[in-house]
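*Asks:* Pasting in a structure now, in structure tokens, and then I'll have a few things to ask.
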Amino acid sequence: REHAVDEMQVGQQRLKSLVNILQYPAETTQRFLDYALNEAIKLTDSKIGYIYRYSEETRQFNLNSWSKDVMEECTVADPQTCYELDKTGIWGEVVRQGKTILLNDFQADHPLKKGYPAGHAPLTRFLSLPVYSDNHIVAVVGVANKETDYGESDVNQLTLLMDVVWRTTERKSAIEELRVSEENYRLLFDQAADGIFISDQSGDLMDVNESGCQMSGYAREELLQCYREIITGKEGEKDRLPQTTERLKSGKGFIAEKKLIKKNGEILEVEIRARLLPDGRIQKVVRDITAHKKAEVTTKQAHAELQAMLQTSNNSRKALLSVIEDQKLVEDALRESEEKYRNLFENITQGFALLEIILDETATPVDYRFLAANPAFEKLRGLKTESIIGKTLNEVFPDSRTDHFKSIALTGEAQRYEDYTETSGKYFDVTAFRPREGLLAVVMSDITKRKNAESEINKLNLELEDRVTHRTAQLESANQELEAFSYSVSHDLRAPLRSINGFSQIIIDEYSKNLDPGLIRYLDLIRNNSNIMGQLVDDLLNFSRLGRQALTKVKVQPASIVRDVIESMQREISNRKTKFKVNSLPGCEADPVFLKQVYINLISNAVKFTRNQAEPLIEIGFTRASPPVNENDVQKDQPCYYVRDNGVGFDMKFYGKLFKVFQRLHRSEEYEGTGVGLAIVDRVIAKHGGHAWAESALGMGSTFFFTLGEDSNE
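Just so we're aligned: the sequence shown equals residues 788 to 1501 in the numbering used here.
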């Protein structure tokens, strides 16, 4: 029962505090919260307290209120009023954990405490809790140094008190914001340069500003009585009032141009912007556009002249010519247009100058007077505009060439040319044209870097050509020496090899009965290897001859060459079921001897690698194909001849060795050969200006493609 009495007394104290707070005549929200904090301190029997506003967006605390006693006890030098959540101690846990923090022995160690600065008011007991608004923490309130321990009752009383206080604070803030908004609106309404008319939905005027009265020539009282007749005008327009109201109700404002008859009979051109206000009233903002309308004719004329001048030259599009004379005629009415083109004139990177053509008594151009120049012209020529305006071209640039200008002034035909200035060492790309009679316009760009770069490139190209010529000569000489050496070595090896082979055969024929079988086997190995060496020498000789033999291109029929090659191989494949499929082969320009060697090597290669197939198939034809890699100077998807087989194939990862001399992709025990045949094919095709390549996969056969250079096919 005593506990219930205590609770009742605490509740009565809270109600008393709330009454005191709500009845407190605070002029500002700040003073209201200061008073509420003092009541919270009294309610909880605390000594000191604070209220910090909190922003979830910035994660920062901003001090709103400190109790009076804290300010007296605190001697911290330059105390903060703004804290980041991440840098706060235990009092920040109210936000981090979103719950009340209560410490009845503040001096005891606590893992969340970070201490406080020297001079801070001493703390014995501490209670802090969050203040919520729409489920978001908007503030924290803290009280401290109660004589006895803080309990659940203190938490409940402080929570309930601050809930009411904060709702009251938000309401007061909203009222204050509304008052300020209404004051701002009234200030804007009264001082607006445009006429503002507020009416109800039936069309009766409810309010009008001073500008509206001055614009119409009527006093406020007169407008309130005859607004419909003055603004709405004819009966037909009165009939459209309901339609206008319905359109505004749909959330769509409108803009219209009308004629407004003033009290003195003067007719104004006005623009009306209408919208529906939140309270259901209709607001019309009326602007006098009479001067603007009168200026439109002048504006169109100025724009037409501008377009005529800008179309004369591509480079002159960015030049602002019309502002020289037309700006003064339409300065007020064309402010927006003038600013746009003036900005272009001031900021284009090309130099621009406008000159007056000076004629002698025979109407012949003799000089040109500067009328205008933009900042880019100043920068390019190193002259201030004020130092050249009014002066002639010969006065400013005594050594300048004017023959271009004279021709342009007389014919009106634009010219583009390059100009070099010796004093500055600069090159300029110049476009000159006559925008209209008596005027000359010049647009220029600094191309010095480009000209210097071109000069340097030309110099490098000449050096490169010399190097290439020299290196080519060296390479040709080296190749000739290498081919001659290869031919000489190969030729000189043939006689010893014939001797080895011949003498070995004589020994076998005449002395085999008296020789050990093992010795005879060695002699057979000598003969076989000398035969292989002989074939290798022959292939090397053939390969060397390719470099010395001249190419004689004539019109040939590959189909006839292929038939001859297949016929020559019949004895070799007579005991096999090899099938040849020869498709259409268009004629071409090639050396017939070399082309036959290509087909001999490719077809014999196909015969060799299909001999273990049950049904060998060799296909020869013409198609379009692409190399397996994007090599330099090789056109993709190009017309080419091919030889395809269904033999053993090869792994494409060894493709780089395929056309190299003495490179083999299969063991000699399995397939004979010296590794020169495909190298000969590649060299022959290269001599024709063509390209050879292959596609294959292990166990899937191979296809060899070749071209014979551009325009070789009929």
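Note that beta-carbon positions come from the ideal geometry of N, C-alpha and C, so glycine has one too.
Considering only residues of the same chain and omitting the five flanking positions on each side of K1045, which have a CB-CB separation below 7 Å?
*Replies:* Around K1045: V1057, I1059.
*Asks:* I'd like to check one pair, G836 with V930: are the Cβ atoms closer than 7 Å?
*Replies:* Result yes, Cβ atoms of V930 and G836 sit closer than 7 Å.
*Asks:* Could you compute how far the alpha carbon of M1439 sits from the alpha carbon of E1359?
*Replies:* Whole-angstrom Cα-Cα distance: 29 Å.
*Asks:* For M1231, name the three-state secondary structure that DSSP assigns.
*Replies:* Note: M1231 maps to strand in three-state DSSP.
*Asks:* Can you give me the start and stop residues for the beta strand (DSSP E) that N825 sits inside?
*Replies:* Counting along the chain, N825 falls outside any beta strand (DSSP E), though it belongs to the alpha helix (DSSP H) covering 816 to 830.
*Asks:* Would DSSP call I985 helix, strand or coil?
*Replies:* Three-state result, I985: strand.
*Asks:* If you draw a straight line from the alpha carbon of I1390 to that of V1352, how long is it in whole angstroms?
*Replies:* When rounded, the distance between both Cα atoms is 8 Å.
*Asks:* The beta strand (DSSP E) that contains L916, what's its start and end?
*Replies:* Note, L916: beta strand (DSSP E), 913 to 920.
*Asks:* What does the alpha-carbon distance come out to for the pair I1195 and L1180?
*Replies:* The straight-line gap from Cα to Cα measures roughly 15 Å.
*Asks:* Considering only C-alpha positions, which residue in the set V1369, Y1309, V995, L945 is nearest to E1354?
*Replies:* Out of V1369, Y1309, V995, L945, V1369 has the C-alpha closest to the C-alpha of E1354.
*Asks:* Can you confirm whether V881, when its beta carbon is compared against all beta carbons of chain B, has any partner nearer than 7 Å?
*Replies:* In the structure shown, chain B cannot be found, because there is only a single protein chain.
*Asks:* For the alpha helix (DSSP H) that contains L1338, what are its first and last residues?
*Replies:* Neither: L1338 is in no alpha helix (DSSP H) and is coded neither H nor E.
*Asks:* Roughly how many whole angstroms lie between the Cα atoms of R1007 and K1087?
*Replies:* Rounded to the nearest angstrom, the two C-alpha atoms are 39 Å apart.
*Asks:* What does H923 pair with, by DSSP beta-bridge criteria?
*Replies:* Note: H923 sits in a beta bridge opposite S920.
*Asks:* Let me know the secondary structure DSSP gives P1426 once reduced to three states.
*Replies:* Of the three classes helix, strand and coil, the one that applies to P1426 here is strand, per DSSP.
*Asks:* Between the alpha carbons of T816 and R958, how many angstroms are there, rounded?
*Replies:* Those two C-alpha atoms are separated by around 10 Å.
*Asks:* Based on Cα-Cα distance, which residue from D1424, E1402, E1165 lies nearest to F1409?
*Replies:* The residue with the shortest Cα to Cα distance from F1409 is D1424.
*Asks:* Can you look up G1434 in the DSSP assignment and give me helix, strand or coil?
*Replies:* Coil at G1434, not helix or strand.
*Asks:* Jot down the residue ranges of each uninterrupted alpha helix (DSSP H) in the stretch 1137 to 1172, minimum 4 residues, whole runs only, in chain order.
*Replies:* Listed in chain order, the complete alpha helix (DSSP H) runs (minimum 4 residues) inside the stretch 1137 to 1172 are 1162 to 1168.
*Asks:* Could you check the C-alpha separation between T1259 and L1249 for me, to the nearest Å?
*Replies:* Taking the straight line joining both Cα atoms gives about 15 Å.
*Asks:* Mind checking which residues open and close the beta strand (DSSP E) that includes N849?
*Replies:* Run containing N849: 847 to 853, per the beta strand (DSSP E) assignment.
*Asks:* Grouping DSSP H, G and I as helix and E and B as strand, with all else coil, what is I1135?
*Replies:* In the structure shown, I1135 sits in coil (DSSP, three-state: anything other than H, G, I, E or B).
*Asks:* In angstroms, rounded to a whole number, what distance separates the CA positions of G1225 and L1167?
*Replies:* Their backbone Cα atoms lie some 25 Å apart in a straight line.
*Asks:* What's the C-alpha gap between F1290 and P1304?
*Replies:* Roughly 18 Å separates the two Cα atoms.
*Asks:* Expressed to the nearest angstrom, what Euclidean distance is found between the alpha-carbon atoms of G1486 and V1435?
*Replies:* Their backbone Cα atoms lie some 5 Å apart in a straight line.
*Asks:* How far does the beta strand (DSSP E) with I1069 in it reach, from first residue to last?
*Replies:* Counting along the chain, the beta strand (DSSP E) containing I1069 begins and ends at 1069 to 1075.
*Asks:* My guess is that F1164 and G1138 are in contact by the Cβ rule of under 8 Å, so how many angstroms apart are they, rounded?
*Replies:* Confirmed, about 4 Å.
*Asks:* Label T1210 either buried or exposed according to how many other C-beta atoms from any shown protein chain fall within 10 Å of its C-beta, with 16 as the threshold for buried.
*Replies:* Exposed, by the Cβ-count rule.
*Asks:* Can you tell me which residues form a DSSP beta bridge with I1407?
*Replies:* Its beta-bridge partners are V1369, V1430.
*Asks:* Apply the 10 Å Cβ neighbour rule to T760 and answer buried if 16 or more other Cβ atoms are within range, or exposed otherwise.
*Replies:* Look at the range of the chain in this structure, 788 to 1501, and you will see that residue 760 is not part of it.
*Asks:* On the three-state DSSP scale, how would you describe N1463?
*Replies:* In the sequence as presented, Asn is not what sits at residue 1463; that position holds Val. Looking at V1463 - three-state DSSP - the assignment turns out to be coil, as it is neither helix nor strand.
*Asks:* What are the boundary residues of the beta strand (DSSP E) that includes E1205?
*Replies:* Here the beta strand (DSSP E) through E1205 covers 1202 to 1208.
*Asks:* Would you kindly work out how many angstroms separate the C-alpha atoms of E826 and I1042, rounded to a whole number?
*Replies:* E826 and I1042: Cα-Cα distance of roughly 56 Å.
*Asks:* In the DSSP assignment, find the unbroken alpha helix (DSSP H) run with F1381 in it and report its ends.
*Replies:* Residues 1379 to 1396.
*Asks:* Hey, how far is the Cα of F1220 from the Cα of E1252?
*Replies:* Taking the straight line joining both Cα atoms gives about 41 Å.
*Asks:* Identify which residue in I1076, K1071, V1072 has its Cα closest to the Cα of L1055.
*Replies:* For the residues I1076, K1071, V1072, the minimum Cα distance to L1055 belongs to I1076.
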